[in-house]
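In the numbering used here, the protein residues as written are 928 to 1340. Beta carbons: idealized from backbone N, C-alpha and C, even for Gly. Report on the following structure.
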């Protein structure tokens, strides 16, 4: 069987739960923000500078590459913290920094940290690739490109032997899955104008996701709209044409979602890992795609469409303010103790009940994300089928839990 080269699968990590979920489910690399100078500064529980060594340790253990995002607009008063963050990234031996401001790019090059160019730069042609090859080894293309345009750029890199500072051919990275917005490659000013809260500083208020009406200012007549969410696109999903994405020659597939839950990261990364491996092995098929799409629909999404990749114009709008996921998690309780010899976990039930047959989810900063069907448990030292609020229950688990872990059950929406 011929095995073809596949793409690097890059996962988002907004906290340690998501980081561990990415590592456990087959990510080749992770990207994450620290403190406030990243494009998800308010959307997730960002890491601190003190977390960098632990991030690097976990990822190195599993041979997962680490990318620090410092891709916001930078002002003079940010320069000292930028240098502090990059010095810490260097000390922690992170793989690269994702940047868009020349101040970040220049200092990273000065201290010999690999640079990846952010999509905020809006690279759309080979000449721009040549320019940034002076500074960077990997470049995220503009989100507005079609697959044909991406393929042409990749072919030109090979033909003209365009190399980055490492001496290797420049690698192209594109988005594969996750939220899209009306902004051109992430550059948006709606939130700044409405709330004085800049999306380009990682503080987007997502006012494009709200309902809107259109009113004639002269007559006061309100126009009828088919969909009131006229500025909220569906999520990007490339799973059903992923073989075409791989065929472009792009080297890195980026999954969006640093502000989403750890089970989202676990499910999406596991699914795309399976799909990329199937393409490499020659077993990618319509039947598998159908199953994978059902799996993706279980976690947070605004509906799916193919973005600009297949030559479509923007026009696939979400019709709800939030998720269309077919499942949701309900908080049940927290971890108490793990008994290693019998591999049994103790939980305190603090909210709703659980019963035999339920699908259970355990998340935690070290545990990551673990999902399984509840087949047996002891409740207050009795073998029962239901555990209720206030009960203590023990459940056999093939993994270790911690007191920081949370217990949920999965229910259908």
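Among the options, nearest to residue i - alpha-carbon criterion
| i | options | result |
| --- | --- | --- |
| residue 1085 | 1238, 1022, 1053, 1226 | 1053 |
| residue 1291 | 932, 1332, 985 | 1332 |
| residue 1308 | 1321, 979, 1071, 1297 | 1321 |
| residue 1330 | 1002, 1213, 1088, 1262 | 1262 |
| residue 1236 | 1068, 1250, 961 | 1068 |
| residue 1305 | 1101, 1023, 1340, 1271 | 1271 |
| residue 1036 | 1019, 1063, 1050, 1087 | 1063 |
| residue 1216 | 1226, 1202, 1229, 1181 | 1202 |
| residue 1253 | 1227, 1264, 1334, 1265 | 1227 |
| residue 1250 | 1238, 1140, 1105 | 1105 |
| residue 990 | 1003, 961, 953, 1004 | 953 |
| residue 982 | 961, 1040, 1002 | 961 |
| residue 1188 | 937, 942, 936 | 942 |
Neighbourhood of residue i by C-beta, 7 Å cutoff - its chain only, sequence neighbours within 5 removed
| i | result |
| --- | --- |
| residue 1310 | none |
| residue 1301 | 1281, 1283, 1284, 1285, 1287, 1322 |
| residue 1231 | 1161, 1162, 1164 |
Under the three-state DSSP convention, the category residue i falls into
| i | result |
| --- | --- |
| residue 992 | strand |
| residue 1196 | helix |
| residue 1149 | strand |
| residue 1095 | coil |
| residue 1235 | coil |
| residue 986 | helix |
| residue 1064 | coil |
| residue 1027 | coil |
| residue 1072 | coil |
| residue 939 | strand |
| residue 1225 | coil |
| residue 1335 | strand |
| residue 917 | Because the chain in this structure spans residues 928 to 1340, residue 917 falls outside the shown range and cannot be described. |
Cutoff 6 Å; reference residue i; Cβ partners in own chain excluding five residues on either side
| i | result |
| --- | --- |
| residue 1027 | 998, 1045, 1047, 1048 |
| residue 978 | none |
| residue 940 | 946, 949, 957, 959 |
| residue 995 | 1016, 1021, 1024 |
| residue 1083 | 1053 |
| residue 980 | 1019 |
Proximal residues to residue i (C-beta, below 8 Å), its chain only, five neighbours per side dropped
| i | result |
| --- | --- |
| residue 1316 | 1276, 1277, 1278, 1279, 1280 |
| residue 1206 | 931, 933, 1169, 1170, 1173 |
| residue 1303 | 1283, 1310, 1322, 1323 |
| residue 1190 | 948, 1226, 1256, 1288, 1290, 1296, 1298 |
Short CB-CB distance (under 7 Å) between residue i and chain D
| i | result |
| --- | --- |
| residue 1171 | In the displayed structure, chain D is absent; only one protein chain is listed. |
| message | Can you confirm whether the stretch 1191–1198 touches the stretch 1219–1233 when touching is taken to mean that 3 or more C-beta pairs between the two stretches lie within less than 8 Å? | response | The stretch 1219–1233 makes contact with the stretch 1191–1198, as at least three CB pairs between them are under 8 Å.
| said: Could you tell me which whole alpha helix (DSSP H) segments of length 4 or greater appear in the stretch 1287–1318? | reply: Along the stretch 1287–1318, the alpha helix (DSSP H) does not occur as any fully enclosed run of 4 or more residues.
| query | If we count Cβ pairs, one from each stretch, closer than 8 Å, do we get three or more for the stretch 1094–1106 versus the stretch 1256–1263? | reply | With a cut-off of 8 Å on Cβ pairs, the stretch 1094–1106 is not in contact with the stretch 1256–1263, counting fewer than three such pairs.
| query | Counting only runs that start and end within the stretch 1154–1183, where is the beta strand (DSSP E) found for 3 or more residues in a row? | reply | Counting whole runs of 3 or more residues, the stretch 1154–1183 contains the beta strand (DSSP E) stretches 1162–1164, 1179–1182.
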